[in-house]
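There are 4 protein chains.
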Amino acid sequence: MNQSTDTTTAQARNDDAVGRYLTVRAATEALARPLSAEDCCVQSMPDASPAKWHLAHTSWFFETFILERHEQGFCAFDAAFRVLFNSYYQGVGRQHPRPQRGLLTRPSLATVLAYRADVDARMLRLLQQDGLPEPIWSLLELGLQHEQQHQELLLTDIKHLLWCNPLWPAYRDAPAVADSEAAAPSDWQPFEGGLVQTGHAGAGFAFDNELPRHSVFLQPYALATRPVTNAEYLAFMADGGYANPAHWLAEGWDWCRSQQITHPLYWRQEEAGWQEFTLAGGRPLVPRQPVVHLSYYEADAYARWAGARLPTEAEWEAAAGQADSQGHFADSGLFQPLPERQQGAGLRQMFGDVWEWTQSSYAPYPGFVTAPGAVGEYNGKFMINQYVLRGGSCATPAGHVRASYRNFFPAAARWQFTGVRLARDMR
Amino acid sequence: MNQSTDTTTAQARNDDAVGRYLTVRAATEALARPLSAEDCCVQSMPDASPAKWHLAHTSWFFETFILERHEQGFCAFDAAFRVLFNSYYQGVGRQHPRPQRGLLTRPSLATVLAYRADVDARMLRLLQQDGLPEPIWSLLELGLQHEQQHQELLLTDIKHLLWCNPLWPAYRDAPAVADSEAAAPSDWQPFEGGLVQTGHAGAGFAFDNELPRHSVFLQPYALATRPVTNAEYLAFMADGGYANPAHWLAEGWDWCRSQQITHPLYWRQEEAGWQEFTLAGGRPLVPRQPVVHLSYYEADAYARWAGARLPTEAEWEAAAGQADSQGHFADSGLFQPLPERQQGAGLRQMFGDVWEWTQSSYAPYPGFVTAPGAVGEYNGKFMINQYVLRGGSCATPAGHVRASYRNFFPAAARWQFTGVRLARDMR
Amino acid sequence: MNQSTDTTTAQARNDDAVGRYLTVRAATEALARPLSAEDCCVQSMPDASPAKWHLAHTSWFFETFILERHEQGFCAFDAAFRVLFNSYYQGVGRQHPRPQRGLLTRPSLATVLAYRADVDARMLRLLQQDGLPEPIWSLLELGLQHEQQHQELLLTDIKHLLWCNPLWPAYRDAPAVADSEAAAPSDWQPFEGGLVQTGHAGAGFAFDNELPRHSVFLQPYALATRPVTNAEYLAFMADGGYANPAHWLAEGWDWCRSQQITHPLYWRQEEAGWQEFTLAGGRPLVPRQPVVHLSYYEADAYARWAGARLPTEAEWEAAAGQADSQGHFADSGLFQPLPERQQGAGLRQMFGDVWEWTQSSYAPYPGFVTAPGAVGEYNGKFMINQYVLRGGSCATPAGHVRASYRNFFPAAARWQFTGVRLARDMR
Amino acid sequence: MNQSTDTTTAQARNDDAVGRYLTVRAATEALARPLSAEDCCVQSMPDASPAKWHLAHTSWFFETFILERHEQGFCAFDAAFRVLFNSYYQGVGRQHPRPQRGLLTRPSLATVLAYRADVDARMLRLLQQDGLPEPIWSLLELGLQHEQQHQELLLTDIKHLLWCNPLWPAYRDAPAVADSEAAAPSDWQPFEGGLVQTGHAGAGFAFDNELPRHSVFLQPYALATRPVTNAEYLAFMADGGYANPAHWLAEGWDWCRSQQITHPLYWRQEEAGWQEFTLAGGRPLVPRQPVVHLSYYEADAYARWAGARLPTEAEWEAAAGQADSQGHFADSGLFQPLPERQQGAGLRQMFGDVWEWTQSSYAPYPGFVTAPGAVGEYNGKFMINQYVLRGGSCATPAGHVRASYRNFFPAAARWQFTGVRLARDMR
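Chains as they are written, first to last, in full-length UniProt numbering: chain A, 1 to 427; chain B, 1 to 427; chain C, 1 to 427; chain D, 1 to 427.
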C-alpha cells in the first residue's frame, strides 16, 4: 500500500470518527433539551445521577482518558472537574461522593454545556491530526459507547426524579401507546442446547466483559416467544402473587415486606384503574405492553408462579443469535415498551422494549482480563452481587446493543426498563 | 370621633399595611436574587429547605390563611400548592414530605416567582378594601413576621448547601471582616435577680410563645459582657476540649464521637491556618469575631471548660432589658458576625451577630394558650427537646427580634448563626 | 463530749451502717432470686441492662468508690470488672459498651454472686474499723441509694425482657389486682402558687440534683387528686386519640407514626379484651388501675385531649409537701400500680404506684454544683433532652423517694412504671 | 426374596437408622456440653443463633417433619415451639423473628434438653415400627444431615459470641497448634478442563442443590496445591493490600472502608504480634496455618493481588474428584485449621480445615427441582446474592461433606471457617 492510499484511509477514519463523535454527543444534548436547569441539577436517590452530572461526566471521560494524554499543551477546562465528575475511577484519584452529586448547583448547567463545547472543540482538533497513536481509536470508541450508556441512564434517572414529584410532570409529551388486540399469545421456542459458543465474536466493538468468546454446555431448553405483558403480570397480582412466600426467594420476600412492595415501580391504583408513570406523564396501563420496572425478585417470583424460570445468559445469547436484532429502541422517542406488533413465528422482541433479567450472576468469563490502567475499572470491579440483563430497552440508543451485550444491576433495582422473558427446561 | 376621621384612620392603617407588606416581600426576593434556579431548587439536608420552597411557602401562608378566607371568589393559583408548600400545618391537610422538598424541580423558580406576584396582587387588592374584619390584621402581621423568619432560614439553608459543594462557592461577595485589636476583654456584668417579669409586654407584635408575661424568681447572676470569640474558642480546642469527656454532657460526648466532631461547623484547617466558610466563600478565621455555628453541646462544653455556664432564658431576658437593642443584623448584607466595635461599659452585642444558646428547654410559659385553628400549630407543638436561643443574629432581619423573642432549635443543630455568651452564679 | 461517748456513738454509726448495708444488698439479691441464670444474662434493648449486670455494677460501685480508696491492701476481685461493670464513669476509665452488656455470658451469674459476697465481706470488715474518714459515710449512703435505683431498673428491665418473649412468662406469680368500684372520681385540688421553696431541705440523704433548695414563683394552679386510670385512657383511645395530630406534640406525632404506636406499652388486644403484660404474666386490664408505661408524648397528648396539661416539677413538689408520703411501693411485691383504695379528700397516690411525668426538662437547679471526681458524673451530665418524673412507683423501694426526688427519662421512654397526673391553670 | 429375609433387612435398616440417629444427636449435645446455660442463651448478632436455639430447632425438625406426620396420637411437646423454633419454613407457618432468638430465656436450657430427650424417645419408638412409609427414611436422613449442619453453626456462632466478650474466654481448652516448618510451598496443579460432569452421583445422600448431575464445559485451569496461609496473607497486608483499591471489587472496597476492615476477623495486633481468637481462647498467629475467617471480598482481593483468581465451583469439584477426601474435620476437637502435615504431590487439604470460597454465585443447577411441601424451602429459596464454598472445615462433622457439597454464604460473611485456594487460567 502506498503512502497516499494510507493517508486517504487514515483521513477517512478520522472523518468517520469525527462524524460519529458529533452524532453521539449531539444525541446526549438532545435528550437534555426538554429539561430545565432545575431538572438537570437534582438527584432523586443515590443510585441515580443528575442529568447535568451525566452531561459533565461523559465529557470528563474524553478529557481525562484522551485529551489529558494526547492533547498538546493540555490544560483542563476546570481543574476541579477532575474530582467532581469522576464516577468511580480510583486510578484517576478522588471522586466527589456519589450520593452528593445532586448538591452541585455550581457549576451551572450553562457552564457544563460550555464544558461540553470546549471538550468537543478540542476533541475535533485532535481527531483531525495525522498519525494519532492507535490507542486513541479504541478509547474514542469506548468513550462513545460509554456516552450511549449514560444516555439511557439520563432517561431512567430523570424518569425517577419526575416520578418523585407528586405532580407526575412529563419529560416530554408523546402519543398514547395503543394496545394491540390482535397480538399472538406467548408460546415456547425450543432449543437443543449442547456445546455453544458465547461471548462477542467478530470485528465490531464490544466491552471487555463480553470477552473472551468461549464454549458453554447447555441442556435443552425453551424460551417464551415474547416478554411477559402487563395483563399477565396483573393475573399474578390478582392471584395474590405478592402475598404468597412460596413464589419468592427468601431475600425477595424480605424485600417485599420491608419495602411494602405490592406492584411494579411507577404503578398507582386509581379509581379509573391502574395508572403508570411514563416519561410522558401518567397513563392508563396498556394490557399487552411488556411489563416493565420489575426487580429481579419480582421477575423471579412471577416466573415461579408461572411454572417457569428465568433464562441463563448463555441460553439467552444462544437464542438471540437466531432472532431479529431490530427492535424498539430510544430512537422512537417514545421511551415506553410497545405491545407486540407482528404475528410471526419464533422469538420476538428479544432486542429493545425491555431489558430481560437472566438468572446469571454477573461474573467474569473464563480468561477475562481487564485493560491496564484506570479504564480497566470500567466493568470488572462490579462483578459481584449483580445479575445480568440482556437485549436493550426502549431507552437504549439504537445500535448500541448486540446479542453478546451484558447489562447488570443489583436484584432490587427497578428504575431501569427491566422486564422478564420466561424460560423452561425441556426434558 | 366622626366618621371621616374614622375612615382616614382606617385608610392610614391600610396604607401602612400595604407599605410594610411590600417591603417585607421585596426583601425576600432580594435575598434570592444572587441565586440561580439550580441553587434555589436543591435541599442539602432534611433540616434545610430549598430557597424556592421558602419563596413559595411564605406565599402559601398568605394565600391559605388570609386569601382563602377573605378573598372574594377565591381561586387558588394552583390547587396542588396547598399540599406542596404546606410546611407542617395538620389542620390544613396533607404536606409534601419535608425531606423531599428538594425533589420539586417543578414548579420552576419562574413559576414560583409568578405565584408570589399573583399572591401579592391579590393581597394588595384585598388590603385596599374597606371594612376588613379584624383578624386579617393580626394574620397579616403574623404572615410578615413568618416571612422574616424564613428570610433568615433561606440564608442559613443556602449557606449549608453552598458549603456542601467542595468548591465553596460564594452566595455573594463581601468585603473581608477586619479584626478589631482594640476591643475590650470580656468582663462580668452582675444582676441582682429576685422577682422579675418575663415575656412580652406592650402593644407591639409578639409570637404566642412570648406570652403571657409572668413573674420568675432569679438568684443573683452575672452575664459576660460580650459573646465568646473565635480566639477564645480556639483556646478551648488547643486545650483538648473536644477530647475530654469531663467538659461534656453525656449526650454531647456521644454526639462528638459518633459524628467525629472536632471543631465548629464550617471550619476547615488548611496549611495557612483555620478557614471558615461564609456566604462570601472561604475566609481566614477572624480571632475577635464571635464564634458561630456551635451546637448546644459545644456551647455548654465550652462554658463548663471556662468555669461558667449557659444563661437561662429568664436571666438573659431580664438583662437584655437594660441593653442596647441596636445590633448587627441582616441589613448590613454581611451575614457574618462582627468583632466588637465599641469599648463601652455594660452588655454588648446582646442583639444581632449571633443567636445565644440558653440552658432553657423550650417550654410553654405558665398560662400559655395557642390560637384556635391551624395557626395555633405555629409554635406550641414544638415545645419538646429543643433549647431556647436569644438575641437574633447577623442573618436576622433588622427590627424582627426583641428582648422577649424566643428562637429554638434541637441541641445538635449547628447550621444557624448560633454562638454563646457565658453566665455564672453570684454568691 | 468525752472519749468513750464518742466511741460509743461512732460504734453505733458503724453498726447502723452495717445493718442498712446488709438490708439493701439482700434486697437486690431477693429480687434476682426468681430468675434463672439465662434470665439474668440477656439484654432486651440498649436502654435496658441484664439483671446480672445490675448485680455486678452495684458491687463495682462499692469496690471502686470505697474499697479501692480505703481498703488496706486493696486487690480487685477481678481486674477486668473495672471496665466490664463501669456504667458511664469516664473518670474511672473505659467502659464496656452499653449495648453489649448482654453479650457477657462470662463471668457467670455464680461468679457475679461470688463477687457480691466478696465485696460484702470486705465492706463489712472496713465498716467495722474505727476512725474511718468522713467521705466514706456519704459514699456509702450514695452507694446504697444507687443500689436501690438499680433494684427498680432490674425489675423494669426484666419486665421488658420477659415481655419480648412471645410466651409472656411470669417473673413471679402474684394475686390478681381487684378493681375498686367504690373509688372516688378524680377532682381538682387548687394551689395558690406564689413564691415557694423547692429542692431538698433537712438532714436526710438527697442526690446532688435536688440541691440547692431555692425559690420559685408559681402562678395559681390545680392538680388532679389522683393519676389517670386505664378506663380514662381507654376513653382517649376510643375517641381516636392516637389518630388525631391536634393532641400531639409534633415530635410525638412523628414518633407514633414511625413506631406505629396505638396503645401503651405492654398492652395487647385479644378477643376477650385488652390484656396487659405484668411481672406476673398477662392479665386483663383493670379499669381503675392507674395507666402505666406511657411515654411523655402520650402523657402530654392525653392531657391536651382532656383539656389539661402536665404539671411542672415545682408545682408537683410544692403540692407533694401536703400529701401523704405513704404509698404503694415495691415492698408489696406486686409490682403493679393499684386502683385507689381510699376515699379521702385531697391529693392521693402522689407517692408510689406510678412515676408522674412533669413538663419540666431535667435541668440543674440554680447554683447546682457536682461533687469533685468521678462521682460528680452521677447526675449532672444527663441534664439534656430528658424530662423529670416525680413520686416513685410500685417498683421503687419503700423509703427511697421523697417530695424533692427527681427521676428523669427521655420523652420516648415507656418501659419504666410511668403514668400521668393532670394539672391546670387557675385563673 | 422371602418374607423373613425381607423382615430381617427392614429390621437391619431400622437398627442402622436408630444407631445413626443416636450418634448424630449425641454429637450435638456433646458440643453443647462445655457451655453454660448463659452461653447457650445469648445471640451475638442477627446472623448467628444461640446454642440453645440450635439444640431446639434440630429437634423441631424431627418433630415437625416426621413425628407430626407419622407418630400415632401425635401431641407436640409444647405447642408454642412450632413457632419459636421454626427457622424459615413459611410452609409450616409463622416464625419467631430471627434477630430475637437470643431473647428466649424461656424455655430454659434444661427444658430444651428435655425436649430433645422427648423427641428422641418418640423417634426411637417410631423407628422401631415395622412398615414405615418410604418418605420417613429420606426425611430422617435429611434431618440428620440438617443436624450436622447446625453442629457446625453452633461452633461458629459460639465462637463469635465468646469473641465479643473482651475477656476472650475459651469454649474448651486445646493444645497449641504447632507450625510445620518443613511443609511444601504452594504449587499449581493443572487440569485440562473440557466437558466434565458436575453434581452428585451415586446412591449416597446428597442435598437437592447438588442435583441434577450435569455437564459443564471448562477451559484449562490450575488450582493451588494448598490453601493460602497466614504468612502469605500477612505479606498481602504488609504490601498495603487493605489500602489499595486496585485489588478490590468496588463493593468490597466500600465494605472495607465503611466497616474499617484491616485484617481477618478474630485477629488482634498486640505488642507480642498478631493474636487470633480461637475456640481455645487467644493464641499467637501460626504462620503456616491456612488463613481463616475471610470474607469473599478479602479472598478475591488476595487472589487479585497474587495474580490469580478464585476457582469456579465446577473447577473445584472436577479437581476434588482426584483428591484425598480425608481431611481435618471437627472430630479432632481442635476447631482450628492445621498447617499442612504431608509433603506429597497433588492437591492437599481440599477437604476439611477451611471452607474455600469459589467465584460461583449460588444458583440452581440446570433442571433443579425442589421437594414438594415445606422441606422444599430447605435450599432453593436462598439462591441469590450468595457465593458457593467447598470442601468443609475443621468445624464440619467428619463424613458430612463430599466433592459435590455446596455451602453458601453472602460475600461479607466472615464468621464461618472460610479460607481461600487460588486458581488460574492455563493458556
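In this text, a Cβ means the ideal position worked out from N, Cα and C, and glycines have one as well.
Are residue i and residue j close, meaning C-beta to C-beta below 8 angstroms?
| i | j | result |
| --- | --- | --- |
| D/ILE384 | A/LEU249 | yes |
| C/PRO166 | D/HIS96 | yes |
| D/GLY241 | D/PHE217 | no |
| D/GLY344 | D/ALA403 | no |
| D/GLY91 | D/VAL83 | no |
| B/ALA231 | B/LEU422 | no |
| A/LEU338 | A/GLN386 | no |
| B/SER295 | B/ALA412 | yes |
At the 8 angstroms Cβ level, is residue i part of the contact set with chain C, yes or no?
| i | result |
| --- | --- |
| D/MET1 | In this prediction, D/MET1 has a pLDDT of 45, which is less than 50 and means its spatial position is unreliable; nothing more can be read from the coordinates. |
| D/VAL401 | no |
| B/GLN189 | no |
| B/LEU195 | yes |
| D/ALA165 | For clarity, residue 165 of chain D is Asn in the given sequence; the question names Ala instead. It does; some Cβ of chain C falls within 8 angstroms. |
| D/ARG257 | no |
Going along chain B in order, which residues have a C-beta closer than 7 angstroms to the C-beta of residue i?
| i | result |
| --- | --- |
| C/GLU251 | ILE384, ASN385 |
| A/ALA114 | The contacting residues do not exist; A/ALA114 stays about 15 angstroms from chain B at best. |
Does chain B have any CB closer than 8 angstroms to the CB of residue i?
| i | result |
| --- | --- |
| A/HIS214 | no |
| C/VAL420 | no |
| A/CYS394 | no |
Let me confirm a value: residue i is counted as buried when at least 16 other C-beta atoms fall within 10 Å, else exposed. Which label applies?
| i | result |
| --- | --- |
| B/MET426 | exposed |
| B/SER393 | buried |
| D/LEU22 | exposed |
| D/ASP353 | buried |
| A/PHE409 | buried |
| B/PHE74 | exposed |
| A/THR8 | exposed |
Along chain C, in chain order, which residues have C-beta atoms closer than 8 angstroms to that of residue i?
| i | result |
| --- | --- |
| B/ASN425 | The residue you asked about is not Asn; residue 425 of chain B is Asp in the sequence shown. Within chain C, the residues near B/ASP425 are PRO366, GLY367. |
| D/GLY102 | VAL42, GLY102 |
| B/ALA206 | None at all; the shortest Cβ gap to chain C is about 19 angstroms. |
| D/CYS75 | In chain order: nothing, as chain C lies at least about 18 angstroms away. |
How about residue i: is its C-beta nearer than 8 angstroms to some C-beta of chain A?
| i | result |
| --- | --- |
| B/ALA319 | no |
| B/LEU310 | no |
| B/ALA37 | yes |
Which chain D residues sit within Cβ distance under 8 angstroms of residue i?
| i | result |
| --- | --- |
| A/PRO245 | GLN90 |
Give me the chain A residues within the contact set of residue i, using Cβ-Cβ distance strictly less than 9 angstroms, ordered along the chain.
| i | result |
| --- | --- |
| B/ASN86 | Chain A residues near B/ASN86: none, gap ~12 angstroms exceeds 9 angstroms. |
Which bits of chain A does residue i rub up against, with CB to CB less than 7 angstroms?
| i | result |
| --- | --- |
| B/SER59 | Those within 7 angstroms of B/SER59 in chain A number zero; the least Cβ separation is about 17 angstroms. |
| D/ALA411 | ILE384, ASN385 |
Fully enclosed by the UniProt domain "Sulfatase-modifying factor enzyme-like" (192–337) of chain C, which alpha helix (DSSP H) runs are 4 residues long or longer? 230–238, 250–259, 296–305, 313–320
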